[in-house]
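Residue numbers are given in my numbering: position 53 of the sequence shown equals residue 55, and the series is strictly consecutive.
C-beta: ideal position from N, C-alpha, C; glycine also.
Nothing here was measured: the structure is a model prediction, and the numbers come from that model.
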Amino acid sequence: MTATTPIERVAEVLELAQFRRMPTPLEIGGLEIGALAAFVGKPPSPDLVVIGDTLQQTPGALQQTIEGVGRALDMMGSRRPLTLVVVGPRPDSTALTALARHARVLAVGELADESALANWLAVLLPLTPPKTNAGRAEAAIATLLAEPADPLVQEFVALAAQGKDSVATHLAEAIDELFLPTEPTDEGGTDATSS
């Protein structure tokens, strides 16, 4: 299904990110709050997301809605983050500042591009790790396992197969060797104790 309204386009993105649509009007602690759409996320992103549309609501109505939701959450002792997604023509900076006093505001506007919408909503969406390139990892391992010129590095690479504790112990010993006192030698280059 292709979403046709800006609210439904935002809703589609949120639902794909496992946000659950809440029935409207939104009811919090027995108070009914007129929101056009609302979603709640699952941990680790438990945001309450309210969607407002500047074509259907004035900046004052948006502020009244978000203040009501914020106060209701406060009365309930909720620690759930509150986010307002504003679609439609972008409100002026004064209105956005007033809204931002009560919630995180994402003014997505009238974006036609899906990637731009996902970019605006990225703070709500789970991270997608970059695709790994197995060939690149294998090349790095081959380079590491190639015979290094430094004998100490060769020892560490050989010890790596025994685990990190072996490497850590050997590293500590190598560092300690640098600071151990050495036997003094006389000017002839022989140990002073051997005479």
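Exercise. Report all residues from its chain with a CB closer than 8 Å to the CB of L279; omit the five preceding and five following residues, and keep chain order.
Key: In this structure the chain extends from 3 to 197, so residue 279 is not present and cannot be described.
Next on the checklist: My output table needs one value for G72: the three-state DSSP class, helix, strand or coil.
Outcome noted: By one-based count along the sequence shown, residue 72 stands at place 70. The three-state secondary structure of G72, taken from DSSP, is helix.
message = Comparing C-alpha positions only, which one of T26, S47 and P8 sits nearest to A40?
response = Counted from its first residue, the sequence shown places residue 40 at position 38. Nearest to A40 by C-alpha distance, out of T26, S47 and P8, is T26.
*From which residue to which residue does the alpha helix (DSSP H) around R11 run?*
Start at 1 with the first residue of the sequence shown, and residue 11 comes out as number 9. From DSSP, the alpha helix (DSSP H) with R11 extends over P8 to L18.
Is there a Cβ from chain B that is less than 8 Å from the Cβ of A124?
Absent from the structure: chain B. Only one protein chain is present.
**Study point:** Length of the line joining the Cα atoms of Q164 and T171
**Key:** Within the sequence shown, numbered from 1, the residue matching residue 164 stands at position 162. Within the sequence shown, numbered from 1, the residue matching residue 171 stands at position 169. When rounded, the distance between both Cα atoms is 11 Å.
Which whole-angstrom value is the C-beta distance of L84 and A105, which I expect to be below 8 Å?
-> By 1-based counting over the sequence shown, the position of residue 84 is 82. By 1-based counting over the sequence shown, the position of residue 105 is 103. Cβ-Cβ separation between L84 and A105: approximately 4 Å, consistent with a contact (criterion under 8 Å).
message: The beta strand (DSSP E) that contains E29, what's its start and end?
response: Residue mapping note: residue 29 aligns to position 27 of the sequence shown, counting from 1. L28 to I30 is the extent of the beta strand (DSSP E) around E29.
Pair within 8 Å by beta-carbon distance, V42 and R11
Residue mapping note: residue 42 aligns to position 40 of the sequence shown, counting from 1. Residue mapping note: residue 11 aligns to position 9 of the sequence shown, counting from 1. Not a contact, by the Cβ cut-off of 8 Å.
- prompt: Mapping DSSP to helix, strand and coil, what is S197?
  reply: Looking up residue 197 in the sequence shown gives position 195. Summary for S197: the model assigns pLDDT 48, below 50, so the residue's position carries little reliability; its value from the coordinates is reported in the next sentence. Here DSSP, grouped into helix, strand and coil, assigns S197 to coil.
query = D55 bridges to which residues according to DSSP?
reply = As a position in the sequence shown, residue 55 is number 53, starting the count at 1. Beta-bridge partners assigned by DSSP to D55: V89.
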